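S.K.:
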Amino acid sequence: MDVVRGLDALPLPDGSSVVTVGFFDGVHLGHQEVIQRTAEAAKERDVRSVAVTFDLHPREVLTPGEEPRLLTTVERKAELIAACGIDVLVVLEFTQRFSEVSAEDFVRDVLVGGMHAVHARVGANFRFGHRAAGTVATIREVGEPLGMTADEVELFTIDGRVVSSSSIREALAEGDLAWPRTALGRRFAVDGEVVAGAGRGKDLGYPTANLRTWPRLLLPGQGIYAGVAELEDGSRYVAAIDVGTNPTFGTEPLHVEAFLLDFPDDELRGDTLTVEFWERIRDEVKFDSVDDLVAAIAEDVERTRAAVTDP
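The numbering used here puts the sequence shown at residues 1 to 311.
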């Protein structure tokens, strides 16, 4: 999959496209349905498939301070979209100026003029353009005289519940991993760079990899989790994961650290690590003594080993 960034990179090379547009945070099963059906429509027409997304959540620009934490980085989102069979991903900058582009101009200048779109396939609740005035009906009205048609994909539901990024965020914030796994079609994971920590884990006999994650990324609710840590080389290790503030030693900023069971070394600094959340073990609590904390960690490790049998 090719990745194109910014309006200045348009128009795409000659050749028609079938396009879809969305923020696609998390690339959950509903997003996957829309994206895969876009790729299928492109194959039927023997043209390229294009997904359009944005570098920022619109609310980060339109209502700063009220924007949600995100389920994926742009890089992770690109990988997940590529897995759906898309040929080209276009990442546009969402700025104040861009937010003022009318829906009609977006269809005419960006989709048709910039991507040579002959068809658009979007989610049923898709809105776009200035004040979110545009719908699939707008795409048809503006696009059809220019040779572009459009249709929509109905909202994706599981057991009567609509799959949405907001519902996944709400569940994760409460430490619920079940709905996110169902709605995403995979276990929730975060990526981060391993950085130096306080070194307490090593002193306690449980050296941890401390992750520096993207500040806009959502972390699951504070607590201890069983999961898997995946290294850059693809090797995977069962991991006891702490999303917390280390209250036994005072209050620190919320962060993620993972103890990799059976890892042959204790030095990962500078590496990129993906931490996959499998099961919530317990709340993070403040212990009266370091000995009590060590005993709790030992139990966490055993519960993690039992929960993750096939990493």
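For glycine and all other residues, C-beta sits at the position ideal for the given N, C-alpha and C. These figures come from a predicted structure and were not determined experimentally.
(1) Can you tell me whether Glu93 is helix, strand or coil according to DSSP?
(2) Which first and last residues belong to the beta strand (DSSP E) in which Ala306 is found?
(3) By the three-class DSSP mapping on this structure, what secondary structure does Asp8 have?
(4) Which value, in whole angstroms, describes the spacing of the CA atoms of Pro58 and Leu70?
(5) Given that a residue counts as buried once 16 or more other Cβ atoms are within 10 Å of its Cβ, and exposed if not, what is Gly26?
(6) For Leu92, does the count of other Cβ atoms within 10 angstroms reach 16, so buried, or fall short, so exposed?
(7) Rounded to whole angstroms, what is the Cα-Cα separation between Leu231 and Leu273?
(8) Measuring only the C-alpha atoms, how far is Glu174 from Asp310?
(9) If distances are taken between C-alpha atoms only, which option among Gly221, Val275, Ser102 comes closest to Gly234?
(10) Tell me where the beta strand (DSSP E) around Ile281 begins and ends.
(11) What's the C-alpha gap between Ala240 and Arg48?
(12) I'd like to confirm the pairing. Which residues does DSSP put opposite Leu211 in its beta bridges?
(13) List the residues that DSSP assigns as beta-bridge partners of Leu70.
(14) Can you tell which of His130, Gly185, Thr135, Gly134 has the C-alpha that lies nearest to the C-alpha of Phe156?
(15) So Gly30 is in the alpha helix (DSSP H); what residue range does that whole segment cover?
(16) Tell me, please, whether the stretch 96-112 touches the stretch 120-136 by the rule of three or more beta-carbon pairs shorter than 8 Å.
(17) Is it true that the CB of Val195 sits closer than 9 Å to the CB of Arg212?
(18) Can you tell me whether Arg76 is buried or exposed, with buried defined as 16 or more other CB within 10 angstroms of its CB?
(19) Where does the unbroken beta strand (DSSP E) through Thr138 begin, and where does it stop?
(20) Helix, strand or coil: which one does DSSP assign to Ala124?
(21) Mapping the DSSP letters down to three states, classify Ile224 as helix, strand or coil.
(22) Go through its chain and collect everything with a Cβ distance to Asp87's Cβ below 6 Å, but skip five positions before and after it.
(23) For Val61, report the span of its alpha helix (DSSP H) as first-last.
(24) Quick one: what does DSSP say Gly114 is sitting in, helix, strand or coil?
(25) Given a cut-off of 9 Å on the beta-carbon distance, is the pair Val153 and Leu89 in contact?
M.R.: Here's the rundown:
(1) coil
(2) Not the beta strand (DSSP E): Ala306 falls in the alpha helix (DSSP H), residues 290-307.
(3) helix
(4) 12 Å
(5) Taking all protein chains shown into account, Gly26 has 16 or more neighbouring C-beta atoms within 10 Å of its C-beta and is therefore buried.
(6) buried
(7) 5 Å
(8) 26 Å
(9) Val275
(10) 272-282
(11) 43 Å
(12) As computed with DSSP, Leu211 is found in a beta bridge with Val194, Val256.
(13) Per the DSSP secondary-structure output, Leu70 pairs in a beta bridge with Leu217.
(14) Gly185
(15) 29-45
(16) Enough Cβ pairs lie closer than 8 Å, so yes.
(17) yes
(18) buried
(19) Where Thr138 is concerned, there is no enclosing beta strand (DSSP E), although the alpha helix (DSSP H) it sits in stretches over 136-143.
(20) coil
(21) strand
(22) Arg48, Ser49
(23) 58-62
(24) helix
(25) No; because the gap between Cβ atoms is not below 9 Å, this pair is not in contact.
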